[in-house]
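In order, the protein sequence lines correspond to chains A and B. Heads up, the first sequence is in our numbering, so the first residue is 116 and it goes up one at a time. Heads up, the second sequence is in our numbering, so the first residue is 116 and it goes up one at a time. Note that beta-carbon positions come from the ideal geometry of N, C-alpha and C, so glycine has one too. Note that this is a predicted model, so its numbers are computed, not measured. Heads up: the structure comes next, in structure tokens.
Protein chains: 2
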Amino acid sequence: MVVGIRFQLNESLFNKDPQDTELGRKILEQSIILINELGIESFNFKKLAAKIESTEASIYRYFDNKHMLLLFLTSWYWEWVEYLIDLNTKNLNNPKDQLKVAIHNIVNASTENPLTSYINENLLHQIIIKESSKVYHTTSVDIENKNGLFLSFKDLVSKVAKIIEGVNPKFPYKRSLASNIFEMSNNQIYFSQHLPRLTDIKHCDKSKIDLEEMISYFVFKILK
Amino acid sequence: MVVGIRFQLNESLFNKDPQDTELGRKILEQSIILINELGIESFNFKKLAAKIESTEASIYRYFDNKHMLLLFLTSWYWEWVEYLIDLNTKNLNNPKDQLKVAIHNIVNASTENPLTSYINENLLHQIIIKESSKVYHTTSVDIENKNGLFLSFKDLVSKVAKIIEGVNPKFPYKRSLASNIFEMSNNQIYFSQHLPRLTDIKHCDKSKIDLEEMISYFVFKILK
DNA sequence: ATTTAATGATAGTATTACTATCATGCCAAA
DNA sequence: TTTGGCATGATAGTAATACTATCATTAAAT
Numbered sequence: 116m117v118v119g120i121r122f123q124l125n126e127s128l129f130n131k132d133p134q135d136t137e138l139g140r141k142i143l144e145q146s147i148i149l150i151n152e153l154g155i156e157s158f159n160f161k162k163l164a165a166k167i168e169s170t171e172a173s174i175y176r177y178f179d180n181k182h183m184l185l186l187f188l189t190s191w192y193w194e195w196v197e198y199l200i201d202l203n204t205k206n207l208n209n210p211k212d213q214l215k216v217a218i219h220n221i222v223n224a225s226t227e228n229p230l231t232s233y234i235n236e237n238l239l240h241q242i243i244i245k246e247s248s249k250v251y252h253t254t255s256v257d258i259e260n261k262n263g264l265f266l267s268f269k270d271l272v273s274k275v276a277k278i279i280e281g282v283n284p285k286f287p288y289k290r291s292l293a294s295n296i297f298e299m300s301n302n303q304i305y306f307s308q309h310l311p312r313l314t315d316i317k318h319c320d321k322s323k324i325d326l327e328e329m330i331s332y333f334v335f336k337i338l339k
Numbered sequence: 116m117v118v119g120i121r122f123q124l125n126e127s128l129f130n131k132d133p134q135d136t137e138l139g140r141k142i143l144e145q146s147i148i149l150i151n152e153l154g155i156e157s158f159n160f161k162k163l164a165a166k167i168e169s170t171e172a173s174i175y176r177y178f179d180n181k182h183m184l185l186l187f188l189t190s191w192y193w194e195w196v197e198y199l200i201d202l203n204t205k206n207l208n209n210p211k212d213q214l215k216v217a218i219h220n221i222v223n224a225s226t227e228n229p230l231t232s233y234i235n236e237n238l239l240h241q242i243i244i245k246e247s248s249k250v251y252h253t254t255s256v257d258i259e260n261k262n263g264l265f266l267s268f269k270d271l272v273s274k275v276a277k278i279i280e281g282v283n284p285k286f287p288y289k290r291s292l293a294s295n296i297f298e299m300s301n302n303q304i305y306f307s308q309h310l311p312r313l314t315d316i317k318h319c320d321k322s323k324i325d326l327e328e329m330i331s332y333f334v335f336k337i338l339k
């Protein structure tokens, strides 16, 4: 069966790779819908089991807990963004163009043609915006980092930092600027939706266009 | 009894203002210590009750749940930062100097002389860095925002946006830049402590000095 | 035809996040 | 000095959560 692209994620993220089985893919598909509906706090495996007409026990065979499931989803998302950046910069030689494309893909990943039938990239992007920072703001961050659970995100930030280096080799804050692009991309959209006094981005059809323009403006001014 | 400064916070944050009573102040004092120790996820009112040798029921008389307590603590912190910015900019006429002072206070608030006997500002800053974004990344954000629960933070961001306007009246992204200063300040310190590949700030004695320098560099380059 | 792996069905347990009720003790007005 | 009221403490109870364990069933692989 054709189910689309498949990413090789760190094995500590799951007990059994959900991309490999029908039930696993159903868990991913429906958890994205349910986490969006309920928020990660009210979401639990009992509700998910009911939704997919399976059992809690079966879900636990894939993920130890909902934190791991969220970590899996965010890792999948960052792998996907990295894939898009690779794809769309491979024919570009000018670092400035590469950086523009990277920013475009970070902001607009979810509007690309979907690659994977059981992942709703738009809903997943909403989860990233609202919940992704919770995956590393935990007491277990150091152990999990040691076990490589944040590698997808760290590699992606490193990739963007490298492109920044191409634009301005003397710039001393490439990692911070790179990670800040991601934070800004998530937060400013969230603020436009829920706390509009905290942003200049208006909540409307063209929010992402405005956001991309703003981030480009910031980044290229800083790198000048 | 002298207990230091007292902020008038939105009444919906609590059932009974903890700043008014001995037990209330003990709740604030010890919750800051315990949230730091355990993280907000493992922290609960039962453990706090044990620590202050009181009961769960008594704590519930002040706060509906730990989310409200955290919201109270973060609001207190932002009120305090605003107080510091007001205090230290009131004799400055040059907007650039005002902005420098604002950035300094945002990054270094916790190193100021403590004003309130029962609040450990250093520990509270650590809570802000690690937990504060969780207070608005919830399903109830819109209702709580409507009830004014985020006013302290929104007013503070507006204040910084106003100073930015003074520096460059034509700059079109003052709110986004202002909120981003806060996000960057929290995240980059957190990354330096836990995910060093995501930042150029080294985790050391002078992290905050470096961070202040970096944020100033970013901000003034953007505003040029 | 038999083994094996995946899933389902069911039950149980410790902890969490409260809510309710009543007792106690202290301060302050009458 | 008594009385009333308010803050806190003590205790109990409940529904939901986050698992863990066990055994049965089914489907695919050899």
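Assigned with DSSP and collapsed to three states, T231(B) falls in strand. For H240(B), there are no neighbours in chain A by C-beta distance under 8 Å, as the nearest C-beta there is about 15 Å away.
If you draw a straight line from the Cα of E156(B) to the Cα of T253(A), it comes to about 8 Å. Take the alpha-carbon of K285(A) and the one of L338(A): they are about 9 Å apart.
Taking I167(B) as the centre and dropping the five residues before and after it, the same chain places the C-beta of K141, I142, Q145 closer than 7 Å to its C-beta, in chain order. Any Cβ of chain A closer than 8 Å to the Cβ of H309(B) would place that residue at the interface, and such an atom is present. With 16 or more other Cβ atoms from the protein chains shown falling within 10 Å of its own Cβ, P133(B) counts as buried.
Under the Cβ distance rule, H318(A) does not count among the residues neighbouring chain B, no pair being separated by less than 8 Å.
Going by C-alpha positions, G139(A) is about 46 Å away from D320(B).
Runs of the alpha helix (DSSP H) lying entirely within the stretch 213-296 of chain A, each at least 4 residues long, are 236-246, 256-261, 266-282 in chain order. A contact between stretches requires three or more CB pairs, one per stretch, nearer than 8 Å, and the stretch 210-219 of chain A meets this requirement with the stretch 274-288 of chain A. In the structure shown, the three-state DSSP call for L124(B) is coil.
In the structure shown, R176(A) adopts coil according to DSSP, grouped into three states. N260(A) reaches chain B at H309, L310, counting residues in chain order whose Cβ is nearer than 8 Å.
Nearest to K249(A) by C-alpha distance, out of Y305(B), F265(B), K323(B), is Y305(B). For H309(A), the secondary structure class from DSSP, reduced to helix, strand or coil, is helix. Within 7 Å of the CB of D257(A), the CB atoms of chain B belong to H309, in sequence order along the chain. Assigned with DSSP and collapsed to three states, S169(B) falls in coil, not helix or strand.
Looking from the CA of K289(B), the closest CA among E327(B), V334(B), F268(B), G263(B) belongs to V334(B).
In chain order, T253, T254 make up the part of chain B whose C-beta sits under 8 Å from the C-beta of G154(A).
With fewer than 16 other Cβ atoms from the protein chains shown falling within 10 Å of its own Cβ, A172(A) counts as exposed. Between the alpha carbons of N235(A) and N228(A) lies a gap of roughly 11 Å. Interface flag for M299(A) against chain B is set, since a Cβ pair is found closer than 8 Å. One Cα belongs to F158(A), the other to L149(A), and the distance between them is close to 7 Å. For D315(A), no alpha helix (DSSP H) encloses it, and the DSSP letter there is neither H nor E. For the 8 Å CB-CB criterion, K323(B) and N223(B) form a contact. In this structure, I147(B) is the residue among I147(B), N260(B), R121(B), L271(B) with its C-alpha nearest to the C-alpha of L185(B).
With a 10 Å radius around the Cβ and a threshold of 16 neighbouring Cβ atoms, Q123(A) comes out exposed.
Note on geometry: alpha-carbon atoms of Y198(B) and Q213(B) lie some 14 Å from one another. Less than 8 Å separates the beta-carbon of N301(A) from that of I243(A). H309(B) and G263(A) have their C-alpha atoms spaced approximately 13 Å apart.
Counting other Cβ atoms within 10 Å of its Cβ, S294(A) reaches 16 or more and is therefore classed as buried.
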